[in-house]
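According to the working numbering, the stretch in the sequence shown is residues 1 to 70, in order. Note that beta-carbon positions come from the ideal geometry of N, C-alpha and C, so glycine has one too. Read the structure below first, then the notes.
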Amino acid sequence: MTSSSMNVLCKHNISPIEQTVKKNGANRGRRFLRCPNWKIDDCGFFQWVKGGELTCSRSSYNLYEKLILY
């Protein structure tokens, strides 16, 4: 996890986890942060990591579902 991502908290007030898009497409290989409780109690937190720094954009859980291949 990047040092800047450690300052970010999801809506559960806990540090998000960093993942990488694995699905083929334009975002493959891109890193992002998401709620660590996504399997049991997802709060919908999502944030792209850009160049080692967090971007300001967030999206809904629905967009997250479209980008990730489990």
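Answer with buried or exposed for residue i, where buried requires no fewer than 16 other C-beta atoms within 10 angstroms of its C-beta.
| i | result |
| --- | --- |
| L9 | exposed |
Checking 7 Å against the spacing of the C-beta atoms, do residue i and residue j come in under that value?
| i | j | result |
| --- | --- | --- |
| V21 | R34 | no |
| F45 | K23 | no |
Considering only residues of the same chain and omitting the five flanking positions on each side of residue i, which have a CB-CB separation below 6 Å?
| i | result |
| --- | --- |
| C43 | C10, K11, H12, C35 |
Enumerate in chain order the residues of its own chain whose CB-to-CB distance from residue i is below 8 Å, with the five nearest sequence positions on each side excluded.
| i | result |
| --- | --- |
| P16 | S5, V8, L9, C10, L33, R34, C35, P36, F45, Q47 |
Beta-carbon within less than 7 Å of residue i's beta-carbon, same chain only, minus the 5 sequence neighbours each way: which residues are those?
| i | result |
| --- | --- |
| I73 | The structure shown does not extend to residue 73, since the chain is modelled only from 1 to 70, so the question has no answer here. |
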